[in-house]
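S.K.: Sharing a structure here in structure tokens format.
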DNA sequence: ACAAAAATATAGTAATACTATCGGAAATAC
DNA sequence: GTATTTCCGATAGTATTACTATATTTTTGT
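Protein chains in written order, with the numbering used here: chain A, 30 to 254; chain B, 30 to 254.
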């Protein structure tokens, strides 16, 4: 059932491909959990090593530091979202329907198997909502961008911008609308959970209906259905 | 000329009021510069102490740690924006005009004196664009929210949401639209500088015209002028 | 001028963020 | 099926970070 897909991120993001070894997969799997448990600031490779009964030095053979590890995970997430959008849009021609599928897919209502048997979909999603923006809000953003660290996000954004242009070819801000859509999905999910006065929606029992409605409302009003 | 205004943030954010002493003001002033210089991750109180020729221990008497220091600065910024909105909207009745002033004010086209002679407006703005979201993307967000750490942001958001409702009383998502407006201002400023493929605007020579146009376009299409 | 408050100097600790090296185990190559 | 990489674990070590404590000096308010 769990049809695994190979999801690739920029190879400058790791020293040794974590997807190619048992330890690497363990680092990813438990790393996601531990970042969610502790928050990125308190997360360390040493603590992760303790949790997976390995050593700090071993983890450092895969990732240069925790920031790069975060970028790896977030890149992986975005690439996975892009894959799911392609999958869910198969055989769909109408760009309006496509954009609705995009919305559904990024708020995560449309369920699909885990990206790999060793990655918990919901944990990774939680990580991206909580820590995702820290991946590119760093001093080194320009060098890292040059090295292609954010390629998967940019590709996803370009895809969504293309669909927006298909709907309304004269819309002047397709890329901005696409990045807002991606930001909104995570922000309002976060606000609903932690800063409810910054949003109008409520999320109970993982029910994303209100979030989906909000986002559809915003994007279609913006681009003019 | 430089009419200083007293801007107050939640008093749980500091141990000793930095605005009340010379050293406190120096910590704020040079702290903003140093965070921008180094990035939040590399910024330490020790380095700041070196820069202002004081000691780590002295800074710790004002702020419990660098995260709280960041929240302090960001809170200050938001409160200052709210003050400027009130100031710029004085004697304006028409909510549409008000909202345009809000947009102008948050993208920082409307110039006003520094919030205090020891705070560089543009440096603080840069800090908020770069590091602002880290203030509330932390594990402790719920406790900190309970303590009122994010009061200034929430107050600002409520003000903007109110103006939106004045324009369109049946608009279903005023708080979400307000927080999106605040997020967009910072995000697109950041994207224009560092990840241009995520936006459609260009910012040259501190000229915020395109950003302002983008934001007006978005918000007024959304709420239906 | 004196008391209180503020700032400095100094020191110390546990944890973080690494780097280096060595030896054994496991996978793979031929 | 042995040789040989490759991988992993163990151990150790360093500079820096993130604090806390305390004693002394400087500034200030009255």
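All residues carry an ideal CB built from backbone N, CA and C; glycine is no exception.
Taking 9 Å as the threshold (beta carbon to beta carbon), is residue 206 of chain B in contact with chain A?
M.R.: Here the question's residue 206 of chain B lines up with position 177 in the second chain. By this cut-off, residue 206 of chain B is an interface position.
S.K.: Could you confirm whether any beta carbon from chain A is found closer than 9 Å to the beta carbon of residue 186 of chain B?
M.R.: On the second chain, position 157 is the one that residue 186 of chain B refers to. Closer than 9 Å to some Cβ of chain A, the Cβ of residue 186 of chain B qualifies, so yes.
S.K.: Just by C-beta distance, which residues in the region 92-103 of chain A are closer than 9 Å to chain B?
M.R.: Of all residues in the region 92-103 of chain A, only 96 come within less than 9 Å of chain B when Cβ atoms are compared, listed by chain position.
S.K.: List the residues of chain A that residue 250 of chain B touches, going by C-beta distances under 8 Å, in chain order.
M.R.: For the purposes of this step, residue 250 of chain B is taken as residue 221 along the second chain, with counting starting at 1. Residues of chain A passing the Cβ test: 250, 251, 253.
S.K.: Buried or exposed: where does residue 203 of chain B fall if 16 or more other Cβ atoms within 10 Å of its Cβ makes it buried?
M.R.: Within the second chain, numbered from 1, the residue matching residue 203 of chain B stands at position 174. By the Cβ-count criterion, residue 203 of chain B is buried, with 16 or more other Cβ atoms from all chains shown falling within 10 Å of its own Cβ.
S.K.: What does residue 73 of chain A touch in chain B if you count any residue whose Cβ is under 7 Å from its own?
M.R.: Translated into positions along the first chain, residue 73 of chain A becomes position 44. None at all; the shortest Cβ gap to chain B is about 14 Å.
S.K.: Between residue 102 of chain A and residue 156 of chain A, which are expected to be in contact by the criterion C-beta below 8 Å, what is the C-beta distance as a whole number of angstroms?
M.R.: Here residue 102 of chain A refers to the residue found at position 73 of the first chain. Here residue 156 of chain A refers to the residue found at position 127 of the first chain. Confirmed, Cβ separation roughly 6 Å.
S.K.: How many whole angstroms separate the CB atoms of residue 44 of chain B and residue 90 of chain B, which I take to be in contact at a CB cut-off of 8 Å?
M.R.: Translated into positions along the second chain, residue 44 of chain B becomes position 15. Translated into positions along the second chain, residue 90 of chain B becomes position 61. That pair is a contact at about 6 Å.
S.K.: Check whether chain A comes within 9 Å of residue 68 of chain B, counting only Cβ atoms and requiring the distance to be less than that.
M.R.: Counting from one through the second chain, the residue named residue 68 of chain B turns up at place 39. By this cut-off, residue 68 of chain B is an interface position.
S.K.: Specify whether the region 184-199 of chain B and the region 114-130 of chain A touch according to this definition: at least 3 beta carbon pairs, one from each stretch, less than 8 Å apart.
M.R.: In the pairwise beta carbon analysis, the region 184-199 of chain B is classified as not touching the region 114-130 of chain A: fewer than three pairs are separated by under 8 Å.
S.K.: Applying the criterion that 16 or more other CB atoms from any shown protein chain within 10 Å of the CB defines a buried residue, is residue 231 of chain B buried or exposed?
M.R.: Translated into positions along the second chain, residue 231 of chain B becomes position 202. So residue 231 of chain B ends up on the exposed side.
S.K.: Helix, strand or coil for residue 145 of chain A per DSSP?
M.R.: Along the first chain, one-based indexing puts residue 145 of chain A at 116. In the displayed model, residue 145 of chain A falls within a strand according to three-state DSSP.
S.K.: Cα separation between residue 59 of chain B and residue 64 of chain A?
M.R.: The residue labelled residue 59 of chain B in the question sits at position 30 within the second chain. The residue labelled residue 64 of chain A in the question sits at position 35 within the first chain. Distance between the alpha carbons of residue 59 of chain B and residue 64 of chain A: 32 Å.
S.K.: Tell me, to the nearest whole angstrom, how far the beta carbon of residue 179 of chain A is from that of residue 153 of chain B; I am working on the premise that it is less than 8 Å.
M.R.: Indexing the first chain from 1 puts residue 179 of chain A at position 150. Indexing the second chain from 1 puts residue 153 of chain B at position 124. About 26 Å separates the two Cβ atoms, so there is no contact after all.
S.K.: Do residue 252 of chain A and residue 216 of chain A have their C-beta atoms closer together than 9 Å?
M.R.: The count along the first chain starts at 1 and reaches residue 252 of chain A at position 223. The count along the first chain starts at 1 and reaches residue 216 of chain A at position 187. It is not a contact, given that the beta carbons lie outside the stated cut-off.
S.K.: Taking C-beta pairs closer than 7 Å, name the residues in chain B that residue 213 of chain A reaches, listed in chain order.
M.R.: Taking the first residue of the first chain as 1, we reach residue 213 of chain A at position 184. Chain B residues near residue 213 of chain A: 209.
S.K.: Residues of chain A with a CB under 8 Å from the CB of residue 62 of chain B: which are they?
M.R.: Taking the second chain and counting its residues from 1, the one referred to as residue 62 of chain B is at position 33. Simply none; closest approach about 14 Å.
S.K.: How should residue 113 of chain A be labelled, buried or exposed, when 16 other C-beta atoms within 10 angstroms of its C-beta is the threshold for buried?
M.R.: Counted from its first residue, the first chain places residue 113 of chain A at position 84. So residue 113 of chain A counts as buried.
S.K.: Tell me the DSSP secondary structure of residue 174 of chain B in three-state form.
M.R.: As a working mapping, residue 174 of chain B is identified with position 145 in the second chain. DSSP places residue 174 of chain B in helix when its eight states are reduced to three.
S.K.: State the CB to CB distance for the pair residue 212 of chain B and residue 166 of chain A, rounded to an integer number of angstroms; the pair is presumed to be in contact (CB under 8 Å).
M.R.: Sequence index remark: in the second chain, residue 212 of chain B carries index 183 (1-based). Sequence index remark: in the first chain, residue 166 of chain A carries index 137 (1-based). Contact doesn't hold; Cβ gap of about 13 Å is too wide.
S.K.: Using the C-alpha atoms, what's the distance from residue 104 of chain A back to residue 192 of chain B?
M.R.: Working through the second chain from its first residue, we reach residue 192 of chain B at position 163. Working through the first chain from its first residue, we reach residue 104 of chain A at position 75. Rounded to the nearest angstrom, the two C-alpha atoms are 38 Å apart.
S.K.: Rounded to the nearest angstrom, what separates residue 86 of chain B and residue 56 of chain B at their Cα positions?
M.R.: As a working note, residue 86 of chain B is residue 57 in the second chain. As a working note, residue 56 of chain B is residue 27 in the second chain. Roughly 12 Å separates the two Cα atoms.
S.K.: Would you say residue 166 of chain B faces chain A, with C-beta separation under 9 Å as the test?
M.R.: Against the second chain, residue 166 of chain B aligns to sequence position 137. Taking Cβ atoms only, chain A reaches closer than 9 Å to residue 166 of chain B, which makes this a yes.
S.K.: Could I get the ranges of all uninterrupted alpha helix (DSSP H) runs contained in the region 70-94 of chain B, with 4 residues as the minimum, in chain order?
M.R.: 74-80, 85-89
S.K.: Please tell me whether, using a cut-off of 8 Å, the distance from the CB of residue 130 of chain A to the nearest non-hydrogen atom of the ligand GDP is below it.
M.R.: Among the ligands in the structure shown, none appear at all, so the ligand GDP cannot be discussed.
S.K.: Can you say whether residue 111 of chain A is buried or exposed, counting buried as having 16 or more other CB atoms within 10 angstroms of its CB?
M.R.: Position 82 of the first chain, counted from the start, is the residue given in the question as residue 111 of chain A. If you draw a 10 Å sphere on the C-beta of residue 111 of chain A, you find 16 or more other C-beta atoms in it, and that means buried.
S.K.: So for residue 191 of chain B, helix, strand or coil by DSSP?
M.R.: Here residue 191 of chain B refers to the residue found at position 162 of the second chain. Helix.
S.K.: Closest Cβ-Cβ distance between residue 201 of chain A and chain B: below 9 Å?
M.R.: Sequence index remark: in the first chain, residue 201 of chain A carries index 172 (1-based). It does: the Cβ of residue 201 of chain A has a partner Cβ on chain B nearer than 9 Å.
S.K.: Sorted by chain position, which residues of the same chain lie with C-beta nearer than 8 Å to residue 76 of chain A's C-beta, five sequence neighbours on each side aside?
M.R.: For this step, residue 76 of chain A is matched to residue 47 along the first chain. Around residue 76 of chain A: 63, 67.
S.K.: Beta-carbon within less than 7 Å of residue 115 of chain B's beta-carbon, same chain only, minus the 5 sequence neighbours each way: which residues are those?
M.R.: Your numbering for residue 115 of chain B matches position 86 in the second chain. Correct list: empty, nothing qualifies.
S.K.: For residue 30 of chain A, would you say it is in contact with chain B, using Cβ-to-Cβ distances shorter than 9 Å as the test?
M.R.: Sequence index remark: in the first chain, residue 30 of chain A carries index 1 (1-based). Interpretation of residue 30 of chain A is limited by its pLDDT of 40, a score under 50 that renders its predicted location unreliable; no figure is taken from the coordinates.
S.K.: Does the beta carbon of residue 223 of chain B sit closer than 9 Å to a beta carbon anywhere in chain A?
M.R.: Residue 223 of chain B sits at position 194 when you count from the first residue of the second chain. Residue 223 of chain B counts as touching chain A.
S.K.: Consider the Cβ of residue 136 of chain B: report whether some Cβ of chain A lies at a distance smaller than 9 Å.
M.R.: Taking the first residue of the second chain as 1, we reach residue 136 of chain B at position 107. By this cut-off, residue 136 of chain B is not an interface position.
S.K.: To the nearest angstrom, how far is it from the Cα of residue 28 of chain B to the Cα of residue 228 of chain B?
M.R.: Nothing about residue 28 of chain B can be reported from this structure: the residues present for chain B run from 30 to 254 only.
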